[in-house]
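Enquirer: Going left to right, the sequence shown walks through residues -18 to 287 as the numbering used here numbers them.
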Amino acid sequence: MIISASRRTDIPSYYSEWFFNRLREEYVLVRNPMNPHQVSRISLSPEVVDGIVFWTKNPAPMLENLGALEKYPYYFQFTLNAYGQDAETGLPSKDKELIPTFCRLSKEIGRERVVWRYDPVFLNEKYTIQYHGRYFDALASRLAPFTEKCIISFLDLYRNIKNNIKPLNIQPPTTNQQYELMESFAQSAQKYGISLDTCAEENDFGELGVRHAHCIDKERLEKIGGFRLDIDGDKNQRKLCGCAMAIDIGAYNTCLNGCVYCYANHSRTSLNRNLSQHNPESPLLFGEINEGDTVKERIVKSFRIR
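Here you go:
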């Protein structure tokens, strides 16, 4: 199986101690987001984990402990985009902290293990098409020695983000604007030798040399791990998603990045409550097993071709 850590929250930024404790004990408990009283016990044994995919905007807290991952094939999806603290209120300086962290991580583990994400792309009076073009080019010039690939996605107007984005007058790009943006991004990516993909986008930018992404990437894990995987696509994701099947071990309403466009935080009250219940020693990301909870062992297996 592949572990996703995590589409629901930034585990490397805020829960790295908890995560390494879970690896040491080789299991984790995860509540069902649709029914919190249903809890799965998931093995993290290297015998069944075919790879770990980290999603993060700041993996700095993990850098001193990367040796604990040596038994697992893994890679990072590291998001660096054009926005300031008006849109990403909890992030440190990109120039002073995040870009150097990206470079250091790549030097430590190899550029094939660090995928750059520039997403989600949205527009307003400040973040114009021209602004994105300049910023993407500047980032690409600095990150090119430290990554092979960049994945782009455009903002999806999830119902729970509409109120959060109103103050900034944020809008997703139209189809014509998407093509204009992608043309600019593709020119920069080609100039610096970076492969460019899109994440779950309906429009086809193949004529620009842009492919559809596999964010949970079977082929990347095969290359890193030195094996082959017989694994299906993830039927629980959006129709246009190209990801391989994975188990997510995160939880909604637990991320402190403060991104106004985030779909994973929909309640500040829930966020504060969950944060107060986080215990790095607990097998759950937050809280404990309570009366009325049902814990079941999830049947998992390796998909490696022996």
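In this text, a Cβ means the ideal position worked out from N, Cα and C, and glycines have one as well. These numbers come from a predicted model, not from an experiment.
For the 8 Å Cβ check, are there 3 or more pairs between the region -12 to 5 and the region 35 to 55?
Expert: Output reads yes: the region 35 to 55 touches the region -12 to 5.
Enquirer: Which first and last residues belong to the beta strand (DSSP E) in which D178 is found?
Expert: Unbroken beta strand (DSSP E) run through D178: 176 to 179.
Enquirer: Could you pull out every residue in the same chain whose Cβ sits closer than 8 Å to the Cβ of I212, ignoring the five residues on either side in sequence?
Expert: The answer, listed in chain order, is I(-17), D31, K199, A225, M226, F284.
Enquirer: DSSP beta-bridge partners for I228?
Expert: Its beta-bridge partners are I(-16).
Enquirer: In terms of residue numbering, what span does the beta strand (DSSP E) encompassing R98 cover?
Expert: From DSSP, the beta strand (DSSP E) with R98 extends over 95 to 102.
Enquirer: Going residue by residue through the region 69 to 156, where are the continuous alpha helix (DSSP H) segments of at least 4 residues, counting only ones entirely within it?
Expert: 80 to 90, 110 to 124, 143 to 146, all fully within the region 69 to 156.
Enquirer: Please say whether A(-14) and I230 have beta carbons closer to each other than 7 Å?
Expert: Going by C-beta atoms, I230 is nearer than 7 Å to A(-14).
Enquirer: In this structure, does DSSP put I286 in helix, strand or coil?
Expert: It is coil, neither helix nor strand.
Enquirer: So, with DSSP's three-state summary, where would you put F35?
Expert: In this structure, F35 counts as strand in the three-state DSSP scheme.
Enquirer: Report the three-state DSSP secondary structure of K204 (helix, strand or coil).
Expert: Residue state, collapsed to three classes: helix.
Enquirer: Would you list the one or two residues that DSSP bridges to E278?
Expert: Note: E278 sits in a beta bridge opposite R22.
Enquirer: Is it the case that the Cβ atoms of S26 and V281 are separated by a distance below 7 Å?
Expert: No, the pair does not count as a contact, with Cβ atoms beyond the cut-off.
Enquirer: Going along the chain, which residues of its own chain have a beta-carbon closer than 7 Å to the beta-carbon of L149, five neighbours each way excluded?
Expert: Excluding sequence neighbours, L149 sits near D67, A68, N105, V241.
Enquirer: Under three-state DSSP, which class holds L10?
Expert: It is a strand residue.
Enquirer: Just list the alpha helix (DSSP H) runs in the region 232 to 268, keeping only unbroken ones of 4 residues or longer that don't cross its boundaries, in chain order.
Expert: With a minimum length of 4 residues, the continuous alpha helix (DSSP H) runs that stay inside the region 232 to 268 are 249 to 257.
Enquirer: Using 8 Å as the cut-off, can you tell me whether the region 152 to 169 makes contact with the region 253 to 264, which would need three or more C-beta pairs spanning the two stretches below that distance?
Expert: These segments do not touch.
Enquirer: Can you tell me whether H18 is buried or exposed, with buried defined as 16 or more other CB within 10 angstroms of its CB?
Expert: Exposed, by the Cβ-count rule.
Enquirer: With V102 and L162 assumed to form a contact (beta carbons below 8 Å), what rounded beta-carbon distance in angstroms separates them?
Expert: Yes, V102 and L162 are in contact; Cβ-Cβ is about 6 Å, under 8 Å.
Enquirer: Pull up the distance between the alpha-carbon of R22 and that of R219, whole angstroms please.
Expert: Going by the C-alpha atoms only, they are around 25 Å apart.
Enquirer: If N144 and Y244 are in contact, beta carbons under 8 Å, what's the gap, nearest whole angstrom?
Expert: Actually they are not in contact, since the Cβ atoms of N144 and Y244 sit about 13 Å apart, beyond 8 Å.
Enquirer: Note down, in chain order, each residue of its chain lying with its Cβ closer than 8 Å to the Cβ of A121, except the 5 sequence neighbours on either side.
Expert: If we look at A121 and ignore the five residues flanking it on each side, its Cβ neighbours are C131, S169, A170, K172, Y173, I175.
Enquirer: Is it buried or exposed, T250, if we count other Cβ atoms within 10 angstroms and call 16 or more buried?
Expert: Result: exposed.
Enquirer: Label R12 either buried or exposed according to how many other C-beta atoms from any shown protein chain fall within 10 Å of its C-beta, with 16 as the threshold for buried.
Expert: Buried.
Enquirer: Output the distance between the C-alpha atoms of E188 and T235, rounded to the nearest integer angstrom.
Expert: E188 and T235: Cα-Cα distance of roughly 40 Å.
Enquirer: Excluding the five sequence neighbours on either side, which residues of its own chain have a C-beta within less than 8 Å of the C-beta of K75, listed in chain order?
Expert: Correct list, in chain order: L61.
Enquirer: Tell me, to the nearest whole angstrom, how far the beta carbon of I133 is from that of Y160; I am working on the premise that it is less than 8 Å.
Expert: Contact flag wrong, Cβ pair sits at about 12 Å.
Enquirer: Please go through the same chain and pick out, in chain order, the residues whose beta-carbon is closer than 6 Å to the beta-carbon of R192, but skip the five residues on each side of it.
Expert: Hits under 6 Å: D178.
Enquirer: Comparing alpha-carbon positions, which option in P54, L10, R(-12) lies nearest F208?
Expert: Comparing Cα positions, the closest option is P54.
Enquirer: Please list the terminal residues of the continuous beta strand (DSSP E) segment that includes Y55.
Expert: First-last of the beta strand (DSSP E) with Y55: 55 to 60.
Enquirer: How far does the alpha helix (DSSP H) with P27 in it extend, from its first residue to its last?
Expert: Counting along the chain, P27 falls outside any alpha helix (DSSP H), and DSSP gives it neither H nor E.
Enquirer: Between which residues of its own chain and E89 is the CB-CB distance below 8 Å, once the five residues before and five after are set aside?
Expert: Contacts found: L44, L47.
Enquirer: Would you check if the distance between the CB atom of F135 and the CB atom of C84 is smaller than 7 Å?
Expert: Cβ distance not < 7 Å, so F135 and C84 don't count as in contact.
Enquirer: Cα separation between L265 and G190?
Expert: Rounded to the nearest angstrom, the two C-alpha atoms are 43 Å apart.
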